[in-house]
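Visitor:
Protein chains: 2
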Amino acid sequence: MERITSLQNARVKAWCRLRQKKERDVQKRFLADGDHLIEEAYTAGILETVITDREEPYRDIETVFVNEAVMHKICGTVSTVHAVGVCQKIETWPEASRRVLILDNVQDPGNVGTLIRTARSFSYDAVYCSADSCDLYNEKTIRSTQGAMFHIPVIYCDIPQLIRELQRDGFTVYSAALDASIPLSEAAEKDKMALILGNEGQGIRKNVQAASNACVRIEMDGFESLNVAVAGGILMYRFRG
Amino acid sequence: MERITSLQNARVKAWCRLRQKKERDVQKRFLADGDHLIEEAYTAGILETVITDREEPYRDIETVFVNEAVMHKICGTVSTVHAVGVCQKIETWPEASRRVLILDNVQDPGNVGTLIRTARSFSYDAVYCSADSCDLYNEKTIRSTQGAMFHIPVIYCDIPQLIRELQRDGFTVYSAALDASIPLSEAAEKDKMALILGNEGQGIRKNVQAASNACVRIEMDGFESLNVAVAGGILMYRFRG
């Protein structure tokens, strides 16, 4: 079993670079911090290597022992985890779908992660994100999913084209918009549904909104302001799978 | 108008200490970062002083001009704001209430702030927090409220005692619990309602749950995991004021 104590080691440097999206795209790998996510990655069959400062090999997976300094370099300054998993990026596609969530340029990693977690809990079949949405493999996104990302396909794609394909496949596509005319309590439930949520500041892009079948609003009074992950939770609960 | 350029200035030191809860309790003041929150604090009538590195006095409020170094010290390393408001702590009490939210040891500032924002948007009359919940005046909590904290009373108190008083006043008190027997869609709406949400890891304390009238669960399938702010949003939308 390998043992690394040098901060200059080539593997250590390559792992540290996985904190950047560009490098994750090149290496097609990402880091999962802590025992819970490592366990989930193992179950999902994408765990390649475990880096740890504890003297225990992880199951049948390549385990690399490192000292505290190397662990600290890989984890960054704030983290207190004792094991980090190196994982292959997930590539899953939904089979038959009835409920999908679409994120149009949602930027905050906590929001994206929480929305994926909620989608999984309400039996959604997939989450689609515009290419400019926050990266799934950002460490804060991963943490906010609480492991749900290993149980639901998350796909980055062109949203207007996706909407056309969904509609051809019989989906009704709802955009969530504060100024929409249909209140959520009056929006009809359909057999196949897609919900679109937009950017924290700007909302859903005009062309995306225009391509959807209808815009629905969550009924509020006075101070009309909801976090996008909260709005998504209310909508997905109403139209749960 | 005062102008401060020394990092050792006594007022600067006192303002910096407001980043700690202990000092906020002693000084009975807190800091509001950025123009939007300053404006909200002004409207609420609690804004005392504006500290800025711009050459503009703020309305009729004492404005202190500081250089970049002082601004940086007050804002910490990450912030990029050009004005910080020194505010008196808010002391408001609800008058007649019909809907209240109760937080039992919710710890994450983003969750507490988001729940306050959601409560305001669904016309709740007050948010009550256990004494060990995250501080309202934490800068991350303030930011997550998006200004809603200036429009709804937030009160720290003893929760079991509060529940007894609410029940005497005719309130039905629901605890949100994953393993509860009443599904949300079957929980009756009442004239006066209180909803309790619990800690991110442990949920609602046993004695608090026992004091409530009933426990309700949000219907989920399989991966049962919701962020507490999302769960609160679903419940408050269902029982909005």
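Protein chains in written order, with the numbering used here: chain A, 1 to 241; chain B, 1001 to 1241. Glycine included, each C-beta is placed from N, C-alpha and C at the ideal position. As the structure is a prediction and not an experimental result, all values here were calculated from the model.
#1: In chain B, which residues lie with their C-beta within 8 Å of the C-beta of Leu226/A?
#2: Of the choices Ile4/A, Ser121/A, Arg98/A and Tyr124/A, whose alpha-carbon is the least far from that of Gly170/A?
#3: Distance check for Lys89/A and Gly147/A, CA to CA, integer angstroms please.
#4: Check whether the Cβ of Val1216/B lies closer than 9 Å to any Cβ atom in chain A.
#5: Hey, how far is the Cα of Ala1214/B from the Cα of Leu1184/B?
#6: Can you check the segment 69-115 of chain A for any beta strand (DSSP E) of at least 3 residues that lies completely inside it and give the ranges in chain order?
#7: Measuring alpha carbon to alpha carbon, tell me which of Cys1075/B, Leu1235/B and Ala1210/B ends up nearest Met1193/B.
#8: Are three or more beta carbon pairs between the segment 216-224 of chain A and the segment 168-182 of chain A nearer than 8 Å?
#9: Any beta-carbon of chain B closer than 9 Å to the one on Asp135/A?
#10: With H, G and I counted as helix, E and B as strand and the rest as coil, what does DSSP make of Ile163/A?
#11: Select from the segment 148-169 of chain A all residues with a C-beta closer than 7 Å to any C-beta belonging to chain B, and list them in chain order.
#12: Please decide whether Ala229/A counts as near chain B, where near means a Cβ-Cβ distance under 9 Å.
#13: Applying the criterion that 16 or more other CB atoms from any shown protein chain within 10 Å of the CB defines a buried residue, is Cys1157/B buried or exposed?
#14: Using the C-alpha atoms, what's the distance from Tyr1124/B back to Ile1152/B?
#15: Is Arg240/A near Gly1222/B, with beta carbons less than 9 Å apart?
#16: For Leu293/A, which three-state DSSP category applies?
#17: Can a CB atom of chain A be found closer than 9 Å to the CB of Arg1029/B?
#18: Would you say Tyr1042/B lies against chain A (beta-carbon separation less than 9 Å)?
#19: According to a CB-to-CB cut-off of less than 9 Å, which residues of the segment 1093-1110 of chain B neighbour chain A?
#20: Verify whether the separation of the beta carbon atoms of Asp1135/B and Lys1028/B is less than 9 Å.
#21: Anyone know if the C-beta pair for Tyr128/A and Val100/A falls short of 9 Å?
#22: Since Asp1108/B and Ser1130/B are thought to touch, with beta carbons under 8 Å apart, how far apart are those beta carbons, to the nearest angstrom?
#23: Exposed or buried, what is Val26/A when buried is set at 16 or more other beta-carbons lying within 10 Å of its beta-carbon?
#24: Quick one: grab the DSSP three-state call for Phe1030/B.
#25: Taking Cβ positions only, does Met220/A come closer than 9 Å to chain B?
#26: Whole angstroms are fine: how far does the CA of Ala1032/B sit from the CA of Val1084/B?
#27: Determine, using beta carbons only, whether Val1230/B and Val112/A come nearer to each other than 9 Å.
#28: Starting from Ala176/A, trace the beta strand (DSSP E) both ways and give me its first and last residue.
#29: Beta-carbon of Phe223/A versus every beta-carbon of chain B: anything under 9 Å?
#30: Ends of the beta strand (DSSP E) at Tyr237/A?
#31: Let's see if you can read the secondary structure: which residues bound the beta strand (DSSP E) around Ser1144/B?
#32: Buried or exposed for Thr43/A, please, with buried defined as at least 16 other CB atoms from any protein chain shown within 10 angstroms of its CB.
#33: Quick one: what does DSSP say Arg1019/B is sitting in, helix, strand or coil?
#34: With the cut-off set at 9 Å, would you say Leu1047/B and Phe1030/B are in Cβ contact?
#35: Just verifying my parser: in three-state terms, what is the DSSP assignment at Ser1121/B?
#36: Would Arg205/A count as contacting chain B if we go by Cβ distances under 9 Å?
Guide: Considering the structure as presented:
#1: Listed along the chain, the chain B residues whose CB falls inside 8 Å of the CB of Leu226/A are Arg1117, Thr1118, Ser1121 and Gly1233.
#2: Distance check between Gly170/A and each of Ile4/A, Ser121/A, Arg98/A and Tyr124/A places Arg98/A closest, using alpha-carbon atoms only.
#3: In this structure, the alpha-carbon of Gly147/A lies about 14 Å from that of Lys89/A.
#4: No, Val1216/B does not count as interfacial toward chain A.
#5: If you take the alpha carbons of Ala1214/B and Leu1184/B, they lie about 11 Å apart.
#6: Counting only runs of 3 or more residues that sit fully inside the segment 69-115 of chain A, the beta strand (DSSP E) segments are 83-88 and 99-104, in chain order.
#7: Comparing Cα-Cα distances from Met1193/B to each of Cys1075/B, Leu1235/B and Ala1210/B, the minimum goes to Leu1235/B.
#8: Yes, they touch.
#9: Under the Cβ criterion of 9 Å, Asp135/A is not counted among the residues facing chain B.
#10: The DSSP-derived three-state label of Ile163/A is helix.
#11: The residues in question are Ala148 and His151.
#12: Yes, Ala229/A counts as interfacial toward chain B.
#13: Classification for Cys1157/B: exposed.
#14: Taking C-alpha positions only, Ile1152/B is separated from Tyr1124/B by approximately 8 Å.
#15: Not a contact, by the Cβ cut-off of 9 Å.
#16: Outside the shown range of chain A, which is 1 to 241, sits residue 293/A, and nothing can be said about it.
#17: With 9 Å as the cut-off, Arg1029/B does not count as an interface residue toward chain A.
#18: False, the Cβ-Cβ gap to chain A never drops below 9 Å.
#19: Along the segment 1093-1110 of chain B, going in chain order, the ones with a CB nearer than 9 Å to a CB of chain A are Gly1110.
#20: No. Outside cutoff.
#21: Against a cut-off of 9 Å, the Cβ pair of Val100/A and Tyr128/A comes out as a contact.
#22: At roughly 14 Å, the Cβ-Cβ gap does not stay under 8 Å, so Asp1108/B and Ser1130/B are not in contact.
#23: With fewer than 16 other Cβ atoms within 10 Å, it is exposed.
#24: Reduced to three states, the DSSP call for Phe1030/B is strand.
#25: Chain B contact via Cβ: present.
#26: In this model, Val1084/B and Ala1032/B are separated by some 6 Å (Cα to Cα).
#27: Note that the C-beta distance between Val1230/B and Val112/A is not below 9 Å.
#28: That run of the beta strand (DSSP E) goes Thr172 to Ala176.
#29: At a cut-off of 9 Å between C-beta atoms, Phe223/A counts as an interface residue with respect to chain B.
#30: Not the beta strand (DSSP E): Tyr237/A falls in the alpha helix (DSSP H), residues Val228 to Arg238.
#31: Per DSSP, Ser1144/B belongs to no beta strand (DSSP E); it is in the alpha helix (DSSP H), Glu1139 to Thr1145.
#32: Of the residues assessed, Thr43/A falls on the exposed side of the cut-off, its CB having fewer than 16 other CB atoms within 10 angstroms.
#33: Coil.
#34: Their beta carbons are not under 9 Å apart, which means Leu1047/B does not touch Phe1030/B by this criterion.
#35: In the three-state reduction of the DSSP assignment, Ser1121/B falls in the helix class, which pools H, G and I.
#36: It does not: the Cβ of Arg205/A has no partner Cβ on chain B nearer than 9 Å.
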